[in-house]
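First residue of the sequence shown? That's 215 in the numbering used here, and the numbers climb one at a time after it. The structure appears right after this line, and notes come after that.
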Amino acid sequence: MIIEREANQGELVESRICQLADLDESGDAPLARLVRYWFSLPRNHGVVPDIDYVGLMELTRLGVLGWFHIVDVHNENPTNFQYNVFAMRAAGGYSGIRIGDINSKALQRALERDLVRAKANRFPLFQGVKTDLSSHSREYRRVALPLASGGNDVTHLLVGVHFDK
215 MIIEREANQG ELVESRICQL ADLDESGDAP LARLVRYWFS LPRNHGVVPD
265 IDYVGLMELT RLGVLGWFHI VDVHNENPTN FQYNVFAMRA AGGYSGIRIG
315 DINSKALQRA LERDLVRAKA NRFPLFQGVK TDLSSHSREY RRVALPLASG
365 GNDVTHLLVG VHFDK
């Protein structure tokens, strides 16, 4: 297990990379459904499914609304990665926000690192995350699922998040 830390002005974000096989089907059911859905999507241009195959109706049927967001990662500069769709129950609206606009530098750097890794891997990235920020502390698990836009380059990430109670 790899643990990475980002700290800044008393804030801390820890991310640990987990094996996809360690995804708990019962405890992390929304994440498991998202991963199965990603694997079921057609791949017309290689190993990464096209974002056009992702449907909100299907995500609704799977019961994952409120557990995911979509991040546009086509820009080479990760500070310009942008939340396109934000469907999270436990957080405010981030649609249109760039990673570089996030107030916490520790969280910003951790997200940049983790999303760049997910983009480069072209395969689901499963992580456990713990944040201790000035505004809140949380523990959650996250999957980042790469998507393309009519080609084989990763342009978006479907990111599922499951918060601990």
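Quick reminder that beta carbons are idealized off the backbone N, C-alpha and C, glycines included.
Check, Outcome
"Proximity winner among G277, R312, E225, V373, relative to R331 (alpha-carbon distances)", "V373"
"Cβ separation of V287 and K333, assumed to be a contact under 8 Å, to the nearest whole Å", "5 Å"
"Inter-stretch contact at 8 Å, needing at least 3 Cβ pairs: the stretch 257 to 275 / the stretch 339 to 347", "no"
"Same chain only: Cβ atoms within 6 Å of L234, ignoring 5 sequence neighbours per side", "P338, F340"
"Rounded separation between M223 and A324 - CA only", "Note on residue identity: the sequence assigns Gln, not Met, to residue 223. Cα to Cα, the separation comes out at about 14 Å."
"C-alpha gap between I216 and C232, whole angstroms", "8 Å"
"The stretch 269 to 282 contacting the stretch 361 to 370, beta-carbon criterion three pairs below 8 Å", "no"
"Beta carbon of L276 nearer than 9 Å to that of L248", "yes"
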